[in-house]
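A quick write-up on the structure given underneath.
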Amino acid sequence: MIKVGDLVIISPAHSVKFGGWCGRVVAIEPEDGLPVKVKFNEQVYGFDFDELGDDVYGKN
1 MIKVGDLVII SPAHSVKFGG WCGRVVAIEP EDGLPVKVKF NEQVYGFDFD ELGDDVYGKN
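Heads up: the sequence shown at position 28 corresponds to 28 in my numbering, and the numbers run straight through without jumps.
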């Protein structure tokens, strides 16, 4: 289960622009169309759970 504070990798199969990027989950807003907010450097982008890789850093 992904939670706020986790480091995640964006799945290359779901995102051409962000595929393979690593970021930190800063918020999860279930009512939003793109509920998982991931921060890369100083920018925050929204993603769906399907767009995130199967692994969370430190967990399999």
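For every residue, glycine included, the Cβ atom is placed at its ideal position computed from N, Cα and C.
Just so you know, these numbers come straight off a predicted model, no measurement behind them.
Who are the Cβ neighbours of Ala-13 in its own chain at under 8 Å, not counting the five residues just before and after it?
Gly-19
Have a look at the DSSP bridge pairing and note the partners of Ile-28.
Val-36
Between the beta-carbon of Gly-53 and the beta-carbon of Ser-15, is there less than 8 Å?
no
Express the C-alpha separation of Lys-17 and Gly-5 in angstroms, rounding to a whole number.
22 Å
Just list the residues that DSSP pairs Val-44 with in beta bridges.
Lys-39
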